[in-house]
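Per numbering that gives the first Met the number 0, the sequence shown starts with residue 0, numbered consecutively. Accompanying notes for the structure given below.
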Amino acid sequence: MSTIPLRLPDEMRQVLRENPGEPLPLEDDETHQVYVVVDQDLHRRAMQALQQQEDVQAIQAGLDAAANGLVAPLEEVDARIRKKFGFPPPP
0 MSTIPLRLPD
10 EMRQVLRENP
20 GEPLPLEDDE
30 THQVYVVVDQ
40 DLHRRAMQAL
50 QQQEDVQAIQ
60 AGLDAAANGL
70 VAPLEEVDAR
80 IRKKFGFPPP
90 P
């Protein structure tokens, strides 16, 4: 990802000013791929919300696995990790 911001053409600037806070869809004439320009703060908040949703889903999956008995004792997991990575046994 480029860290150098691209310059905003006047036409896009005008549309963004007329529609504050709204996403601006842009279509590539060659590929017909559609991109969306959004305010940096909106993008940050959307990414945070997505991360939170993914975290909640992962936690729920872990809770469901535990509720269904899909767990292993700590000692067994510790032994597997130590063997896999060549760690010495616990003291």
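Glycine included, every Cβ here is placed at the ideal spot set by N, Cα and C. These numbers come from a predicted model, not from an experiment.
Relative to the C-alpha of residue 36, which residue among 89, 67, 8, 53 is closest?
-> Working through the sequence shown from its first residue, we reach residue 36 at position 37. Closest option to residue 36, judged by alpha-carbon separation, among 89, 67, 8, 53: 8.
Where residue 42 and residue 30 are concerned, what is the direct C-alpha to C-alpha distance, given to the nearest angstrom?
-> Within the sequence shown, numbered from 1, the residue matching residue 42 stands at position 43. Within the sequence shown, numbered from 1, the residue matching residue 30 stands at position 31. Using only the alpha carbons, I get a separation of about 24 Å.
Every unbroken beta strand (DSSP E) within the segment 9–82, with a cutoff of 3 residues, ordered by chain | 23–26, 33–36
If we call anything under 8 Å between Cβ atoms a contact, is residue 14 one with residue 23?
-> For the purposes of this step, residue 14 is taken as residue 15 along the sequence shown, with counting starting at 1. For the purposes of this step, residue 23 is taken as residue 24 along the sequence shown, with counting starting at 1. Against a cut-off of 8 Å, the Cβ pair of residue 23 and residue 14 comes out as a contact.
Report the rounded CA-to-CA distance for residue 78 versus residue 45, giving the unit in angstroms.
-> Counting from one through the sequence shown, the residue named residue 78 turns up at place 79. Counting from one through the sequence shown, the residue named residue 45 turns up at place 46. Straight-line Cα distance between these residues: approximately 40 Å.
Can you list, in chain order, the residues of its chain whose CB lies under 8 Å from that of residue 99, leaving out five sequence neighbours each side?
-> This structure gives no information on residue 99, because the portion of the chain shown stretches from 0 to 90.
If you drop the 5 nearest sequence neighbours on each side, which residues of the same chain put their C-beta closer than 6 Å to that of residue 73?
-> By one-based count along the sequence shown, residue 73 stands at place 74. Closer than 6 Å at the Cβ level, and outside the excluded window around residue 73, lies no residue.
Cα separation between residue 25 and residue 56?
-> Working through the sequence shown from its first residue, we reach residue 25 at position 26. Working through the sequence shown from its first residue, we reach residue 56 at position 57. Approximately 32 Å between the Cα atoms of the pair.
For residue 34, I'd like the list of residues in its chain whose CB is within less than 6 Å of its CB, leaving aside the five on either flank, ordered along the chain.
-> Stepping through the sequence shown from its first residue, residue 34 is reached at position 35. Within its own chain, the residues whose Cβ lies closer than 6 Å to the Cβ of residue 34, once the five positions on either side in sequence are excluded, are 25, listed in chain order.
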